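Visitor: Protein chains in written order, with the numbering used here: chain G, 1 to 14; chain P, 15 to 271. First, the structure itself, so that you have it in front of you.
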C-alpha cells in the first residue's frame, strides 16, 4: 500500500 | 492602485475553471513582474502556481505590490459573467477591500463591472527550488487528459514510468489493470502534437488519479502539457499560457508504506 506525502515538506518555508 | 487589462479575457476564465475545485481561497500577488498565485489544496498534497507576466497584458499598472485575497469560487462566478471574447480589466485600490472586474464586449457596445469583496487570507508562501529533473515528458494536453480519465475508471492511482521505450501510465483496480505506453513521436505536423521524452535517468512514481484529473481541467489553456519527474521531488504538471506565463501543479508522490 501507498501513503500520500504532504507537498510542503518538499518546499522551503518562510 | 492597480489596473490590468487583458484582451484575451477567456484566459482568465480558463485559469479559474482549472483551479477553483482544487483551491478554495488564495492570495493573488500583484507586482511589476505580473499577476501570480501560489496555493495548496485543502489536504496539502498539491500546490498550484500561476504566473501571468505583465508583458502579456495590453495595459498593466501596479504602483506597489499588492496581495489580494479572493475566494476562487466567487471569483469564478463573476468571471463566468464575462463573454469568451470579452476584454477583462481588473482594478483595485491600495488598501481597499474590493476588486473590480470590468468586462468589455469586443465591439465595445456592452460594458459591465462587477465588484467583489476581498478577504484576509493567511497563507504561507513556500519557496519552490529550481530543480533538475530525471525525466521530462511533453505531450499533447488532450492526450494526457484522456489517459487520466480512462485510467481513473479502473484504479485510484497511476504509476508513471519513464524509460528509453517511452512513458508508461499504469493502474490497477478491482476489475483489472491497464497500461498505456506513449512513445516519443516528433514526426508530427505541429510541434504541440509531439510527444517528447527527455530522460536523464529512468523514473517511476505513483500518484493519486483524483489529483491528476483535477489538473487536467487546465487542458483548454494549452495544446501541450509537460510532466517533470524525479524520484525525490513532487511531480510538476505544467500548462504554458501563450506569451504570458504558466499554470503549474505540483503533486507529492505516494510512497510505499
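Where is the CB? At the ideal position from N, CA and C, for every residue including glycine. Keep in mind the model is a prediction, meaning the values are calculated, not measured.
From residue 181 of chain P to residue 245 of chain P, what distance separates their C-alpha atoms?
Guide: Locating residue 181 of chain P in the second chain gives position 167, where the first residue counts as 1. Locating residue 245 of chain P in the second chain gives position 231, where the first residue counts as 1. Residue 181 of chain P and residue 245 of chain P: Cα-Cα distance of roughly 15 angstroms.
Visitor: Taking only runs that begin and end inside the region 146-201 of chain P, name each unbroken beta strand (DSSP E) of 3 or more residues, in chain order.
Guide: Runs found: 149-154, 171-177, 180-186 and 191-196.
Visitor: In angstroms, rounded to a whole number, what distance separates the CA positions of residue 138 of chain P and residue 48 of chain P?
Guide: Here residue 138 of chain P is taken as the residue at index 124 of the second chain, counted from 1. Here residue 48 of chain P is taken as the residue at index 34 of the second chain, counted from 1. One C-alpha to the other measures close to 19 angstroms.
Visitor: Under 8 angstroms between beta-carbons, which chain G residues line up against residue 268 of chain P? List them in chain order, please.
Guide: To locate residue 268 of chain P, count along the second chain from 1; it is residue 254. What residue 268 of chain P touches in chain G: 2, 3, 4 and 5.
Visitor: Would you say residue 171 of chain P reaches chain G, if we count a Cβ-Cβ gap shorter than 8 angstroms as a contact?
Guide: Within the second chain, numbered from 1, the residue matching residue 171 of chain P stands at position 157. Residue 171 of chain P counts as touching chain G.
Visitor: For residue 213 of chain P, report the span of its beta strand (DSSP E) as first-last.
Guide: Taking the second chain and counting its residues from 1, the one referred to as residue 213 of chain P is at position 199. Where residue 213 of chain P is concerned, the enclosing beta strand (DSSP E) stretches over 210-213.
Visitor: Could you give the C-beta distance for residue 133 of chain P and residue 39 of chain P, rounded to a whole number, given that I count them as a contact under 8 angstroms?
Guide: Position 119 of the second chain, counted from the first residue, corresponds to residue 133 of chain P. Position 25 of the second chain, counted from the first residue, corresponds to residue 39 of chain P. Going by Cβ atoms, the distance from residue 133 of chain P to residue 39 of chain P rounds to 6 angstroms, so yes, they are a contact pair.
Visitor: Within 8 angstroms (strictly less), CB to CB, does residue 185 of chain P reach chain G?
Guide: Residue numbering aside, residue 185 of chain P sits at position 171 when the second chain is read from its first letter. Chain G, which has no Cβ nearer than 8 angstroms to the Cβ of residue 185 of chain P, makes this no.
Visitor: Starting from residue 125 of chain P, trace the alpha helix (DSSP H) in both directions and tell me its first and last residue.
Guide: For the purposes of this step, residue 125 of chain P is taken as residue 111 along the second chain, with counting starting at 1. Where residue 125 of chain P is concerned, there is no enclosing alpha helix (DSSP H), although the beta strand (DSSP E) it sits in stretches over 125-131.
Visitor: Tell me where the beta strand (DSSP E) around residue 229 of chain P begins and ends.
Guide: Position 215 of the second chain, counted from the first residue, corresponds to residue 229 of chain P. From DSSP, residue 229 of chain P is part of no beta strand (DSSP E) but of the alpha helix (DSSP H) over 223-229.
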